[in-house]
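Contents: one structure, followed by commentary.
In the working numbering, the protein residues as written are 448 to 573.
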(Lines of atoms letter the chains of each structure in order from A; the text may use other names.)
(Lines give C-alpha, C1' and ligand atoms only; values in the text may rest on other atoms or scores of the structure.)
Protein backbone atom coordinates (compact mmCIF):
# COMPACT_ATOMS: atom_id res chain seq x y z
CA UNK A 448 0.00 0.00 0.00
CA UNK A 449 1.44 3.33 -1.09
CA UNK A 450 0.52 6.37 0.94
CA UNK A 451 1.11 9.67 -0.77
CA UNK A 452 1.03 13.23 0.51
CA UNK A 453 -1.40 14.65 -2.04
CA UNK A 454 -0.43 18.28 -1.32
CA UNK A 455 3.29 17.58 -1.76
CA UNK A 456 2.61 15.57 -4.91
CA UNK A 457 0.50 18.40 -6.36
CA UNK A 458 3.30 20.87 -5.57
CA UNK A 459 5.79 18.57 -7.28
CA UNK A 460 3.61 18.18 -10.39
CA UNK A 461 3.17 21.94 -10.61
CA UNK A 462 6.94 22.45 -10.26
CA UNK A 463 7.64 19.75 -12.85
CA UNK A 464 5.75 21.76 -15.50
CA UNK A 465 8.37 24.53 -15.25
CA UNK A 466 11.31 23.26 -13.18
CA UNK A 467 13.48 25.88 -11.52
CA UNK A 468 15.29 26.39 -8.24
CA UNK A 469 13.30 29.56 -7.53
CA UNK A 470 12.18 29.48 -3.90
CA UNK A 471 8.85 31.07 -4.83
CA UNK A 472 7.82 27.60 -6.04
CA UNK A 473 5.78 25.83 -3.34
CA UNK A 474 7.68 22.59 -3.99
CA UNK A 475 11.17 24.13 -3.80
CA UNK A 476 10.17 26.20 -0.78
CA UNK A 477 9.04 23.00 0.97
CA UNK A 478 12.27 21.19 0.01
CA UNK A 479 14.31 24.01 1.53
CA UNK A 480 12.17 24.14 4.68
CA UNK A 481 11.89 20.39 5.29
CA UNK A 482 15.07 18.94 3.79
CA UNK A 483 17.85 21.35 2.82
CA UNK A 484 17.51 23.63 5.84
CA UNK A 485 17.69 20.84 8.44
CA UNK A 486 20.51 19.06 6.56
CA UNK A 487 22.68 22.16 6.45
CA UNK A 488 21.84 23.52 9.88
CA UNK A 489 24.89 23.04 12.09
CA UNK A 490 26.00 24.41 15.46
CA UNK A 491 28.20 26.99 13.75
CA UNK A 492 25.35 28.91 12.10
CA UNK A 493 27.49 31.48 10.28
CA UNK A 494 29.58 28.76 8.62
CA UNK A 495 26.37 26.78 7.93
CA UNK A 496 24.97 29.71 5.94
CA UNK A 497 28.22 30.03 4.00
CA UNK A 498 28.14 26.30 3.22
CA UNK A 499 24.54 26.55 1.97
CA UNK A 500 25.45 29.49 -0.30
CA UNK A 501 28.48 27.62 -1.65
CA UNK A 502 26.37 24.51 -2.32
CA UNK A 503 23.72 26.58 -4.12
CA UNK A 504 26.40 28.31 -6.21
CA UNK A 505 28.21 25.04 -6.91
CA UNK A 506 31.38 26.51 -5.42
CA UNK A 507 31.94 24.16 -2.49
CA UNK A 508 34.92 21.82 -2.61
CA UNK A 509 35.08 18.69 -0.45
CA UNK A 510 38.31 16.77 -0.43
CA UNK A 511 39.87 13.98 1.61
CA UNK A 512 42.38 15.12 4.19
CA UNK A 513 45.96 14.40 3.19
CA UNK A 514 48.09 14.30 6.30
CA UNK A 515 50.99 16.02 4.53
CA UNK A 516 48.85 18.76 3.01
CA UNK A 517 50.41 22.09 2.13
CA UNK A 518 47.39 23.88 3.58
CA UNK A 519 47.54 22.31 7.04
CA UNK A 520 48.33 25.61 8.75
CA UNK A 521 45.26 27.33 7.27
CA UNK A 522 43.07 24.31 8.02
CA UNK A 523 44.29 24.16 11.62
CA UNK A 524 43.13 27.73 12.09
CA UNK A 525 39.59 26.52 11.37
CA UNK A 526 39.35 23.68 13.91
CA UNK A 527 41.96 21.13 12.98
CA UNK A 528 41.64 17.48 11.96
CA UNK A 529 40.06 16.37 15.25
CA UNK A 530 37.24 18.91 15.55
CA UNK A 531 34.44 19.42 13.05
CA UNK A 532 34.22 23.09 12.09
CA UNK A 533 30.46 22.78 11.49
CA UNK A 534 29.26 20.80 14.49
CA UNK A 535 31.99 21.80 16.93
CA UNK A 536 32.21 18.14 17.97
CA UNK A 537 35.52 16.45 18.63
CA UNK A 538 35.62 13.84 15.89
CA UNK A 539 38.28 12.52 13.52
CA UNK A 540 37.79 14.57 10.35
CA UNK A 541 38.72 12.76 7.17
CA UNK A 542 37.52 15.52 4.84
CA UNK A 543 37.74 19.25 4.59
CA UNK A 544 35.75 21.84 2.71
CA UNK A 545 36.66 25.02 0.93
CA UNK A 546 34.04 27.68 0.22
CA UNK A 547 34.33 29.24 -3.21
CA UNK A 548 37.65 30.91 -3.85
CA UNK A 549 38.41 31.59 -0.18
CA UNK A 550 41.74 30.32 1.08
CA UNK A 551 40.58 28.70 4.32
CA UNK A 552 39.81 25.02 4.62
CA UNK A 553 37.44 23.67 7.28
CA UNK A 554 37.76 20.14 8.61
CA UNK A 555 34.44 18.29 8.74
CA UNK A 556 33.32 15.07 10.38
CA UNK A 557 31.94 12.12 8.39
CA UNK A 558 28.37 12.93 9.49
CA UNK A 559 28.68 16.58 8.42
CA UNK A 560 30.12 15.46 5.09
CA UNK A 561 27.21 13.05 4.59
CA UNK A 562 24.68 15.82 5.22
CA UNK A 563 26.39 18.21 2.81
CA UNK A 564 26.75 15.59 0.07
CA UNK A 565 23.07 14.63 0.44
CA UNK A 566 22.11 18.20 -0.47
CA UNK A 567 24.70 18.34 -3.27
CA UNK A 568 23.30 15.09 -4.68
CA UNK A 569 19.77 16.55 -4.55
CA UNK A 570 20.85 19.63 -6.53
CA UNK A 571 22.67 17.41 -9.04
CA UNK A 572 19.61 15.20 -9.47
CA UNK A 573 17.00 17.93 -9.62
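Built from N, CA and C at the ideal position, the CB exists for glycine as well.
Quick caveat, the model's predicted, so the values are computed rather than measured.
The bridge partners DSSP lists for residue 543 are 510, 554. Ranking 541, 533, 452, 531 by CA distance to the CA of residue 513 puts 541 first. In this structure, the beta-carbon distance from residue 477 to residue 460 does not fall below 8 Å. Residue 499 sits buried, since 16 or more C-beta atoms from the chains shown fall within 10 Å of its C-beta. For residue 474, the enclosing alpha helix (DSSP H) covers residues 473-478.
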